[in-house]
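First residue of the sequence shown: 1, per full-length UniProt numbering; consecutive thereafter. The beta-carbon is built from N, C-alpha and C at its ideal position, and this holds for glycine as well. These notes are about the structure you will find just below.
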Amino acid sequence: MNETAELESLLPAARLTRRDFIVTATAAGFALAVQPVSAQTMIHTDELGLRTGDATVDTGSGELPVYFAAPAEGKALPTVLVVQEIFGVHEHIRDLCRRLAKAGYLAIAPELYFRQGDARKYDNIADLLADLVAKVPDAQVLSDLDKTAAWAPTQGGDPGRLAITGFCWGGRITWLYAAHNPALKAAVAWYGRLDGVPSDLHPHHPLDLVDEIKAPVLGLYGAQDQGIPVDDVEAMRSAMAKAHKAFDIIIYPDAGHAFNADYRPSYREGPARDGWKRMLAWLRQHGV
1 MNETAELESL
11 LPAARLTRRD
21 FIVTATAAGF
31 ALAVQPVSAQ
41 TMIHTDELGL
51 RTGDATVDTG
61 SGELPVYFAA
71 PAEGKALPTV
81 LVVQEIFGVH
91 EHIRDLCRRL
101 AKAGYLAIAP
111 ELYFRQGDAR
121 KYDNIADLLA
131 DLVAKVPDAQ
141 VLSDLDKTAA
151 WAPTQGGDPG
161 RLAITGFCWG
171 GRITWLYAAH
181 NPALKAAVAW
191 YGRLDGVPSD
201 LHPHHPLDLV
211 DEIKAPVLGL
221 YGAQDQGIPV
231 DDVEAMRSAM
241 AKAHKAFDII
251 IYPDAGHAFN
261 ADYRPSYREG
271 PARDGWKRML
281 AWLRQHGV
């Protein structure tokens with residue numbers, strides 16, 4: 001199968017109507033803050049040939065809810081931790097897990113706000129950010145990802161082939177986790193913030209931790225992103241090169257933030273498909 005045909009098989013053409021999306025998303029706890037929906041581009045990946053479900057992971061300080069998807073058959077599966085956007089593990093994040101499962105991965109998306117609150121209860125982004133997201137400590141998130149990785153073998157995951165990918169809020173976490181876990185084989189950060197003002201709960205940003213990064217990182221960014229300046233992306237590129245780290249950074253000239261979010265008007269099909277193809281190639285290049 002050539003790359004184009006493979007990509008088409010992993011990004012199914014099925015689309016949801018707006019009504020179907022609302023029914024599905026409501027059942028999955030999708031936050032209304034992300035409306036309006038772009039019904040023409042919403043991608044739905046079926047569960048045919050997959051094993052999917054909701055579970056909990058014992059963290060020692062609470063039961064962490066997770067969604068997982070994996071091929072129905074197979075053992076010692078390469079594992080990808082999928083880190084949510086600011087809106088939690090809604091239907092789009094679940095769909096991304098199913099897409100990865102169709103490519104042969106055990107994909108696990110943990111609900112990383114579960115101690116602080118429920119993103120489903122917010123109806124505007126400002127309150128969500130201030131009242132919930134800003135109160136989630138980085139140290140807690142990294143620990144919960146460690147617990148999720150340790151749980152993965154109970155679902156057939158291979159602990160020697162661990163990767164992470166994240167989107168928006170999760171893109172920043174992806175960079176942090178690449179600096180945190182020495183067992184990580186590869187990371188793919190989609191439009192994750194790289195710099196910012198430190199705080200007690202968020203003491204470091206990716207640009208502060210370049211020397212500590214332990215895994216090869218692919219960064220996928222949009223030149224039109226209003227929240228992540230291209231200067232920051234270029235600064236990360238320069239810092240990673242200077243530190244002799246394994247990395248690649250792609251900047252899509254006509255894309256803004258959340259260009260892979262096919263349920264929102266920010267979606268850009270060309271960069272999204274290219275980014276997905278590059279992600280799969282990156283994982284395989286680095287043994288995941």
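Query: Burial state of His111, where buried means 16 or more other Cβ atoms lie within 10 Å; Result: Checking the sequence shown, residue 111 turns out to be Glu, not His. With 16 or more other Cβ atoms within 10 Å, it is buried.
Query: Close beta carbons around Ile213, own chain, < 6 Å, minus the five adjacent residues each side; Result: Ala178, Ala179 and Lys245
Query: Neighbourhood of Met240 by C-beta distance below 8 Å, restricted to the same chain and skipping five residues each side; Result: Val210, Ile213, Val217, Phe247 and Ile249
Query: Residue ranges of each alpha helix (DSSP H) within the region 66-115, 4 or longer; Result: 91-102
Query: Leu176: first and last residue of the uninterrupted alpha helix (DSSP H) it sits in; Result: Trp169 to His180
Query: Span separating the alpha-carbon of Gly156 from that of Glu63; Result: 20 Å
Query: Simplified DSSP assignment, three categories, for Gly227; Result: coil
Query: Ala109 vs Ala101 beta-carbon contact at 8 Å; Result: no
Query: From Ala76, Glu91 and Lys75, residue whose alpha carbon lies closest to that of Gly53; Result: Glu91
Query: Collapsed DSSP secondary structure at Ala27 in the structure displayed; Result: Its pLDDT being 32, under 50, Ala27 is placed unreliably in this model, and the value from its coordinates should be taken loosely. Helix, per DSSP.
Query: Alpha helix (DSSP H) runs wholly inside the region 197-250, at least 4 long, in chain order; Result: 230-242
Query: Ala183 to Ala149 span [Cα, whole Å]; Result: 10 Å
Query: Ala101 at chain B interface by Cβ criterion, 8 Å; Result: Chain labels in this structure do not include chain B; a single protein chain is all it has.
Query: Nearest-angstrom beta carbon gap, Arg172 and Arg193 [assumed within contact, 8 Å]; Result: 5 Å
Query: Span separating the alpha-carbon of Arg278 from that of Phe87; Result: 25 Å
Query: Cutoff 6 Å; reference Ile93; Cβ partners in own chain excluding five residues on either side; Result: Gln84 and Ala109
Query: DSSP state of Asp46 mapped onto helix, strand, coil; Result: coil
Query: Whole-angstrom distance between Ala243 and Asp46, CA atom to CA atom; Result: 42 Å
Query: Backbone secondary structure at Ala136 - three-state DSSP; Result: Correcting the residue identity first, residue 136 is Val in this sequence and not Ala. Coil.
Query: DSSP bridge partner residues for Ile164 (one or two, in chain order); Result: Leu81 and Ala187
Query: For Leu145, the three-state DSSP class (helix, strand or coil); Result: helix
Query: Buried or exposed (CB count within 10 angstroms, at least 16 for buried), Gln285; Result: exposed
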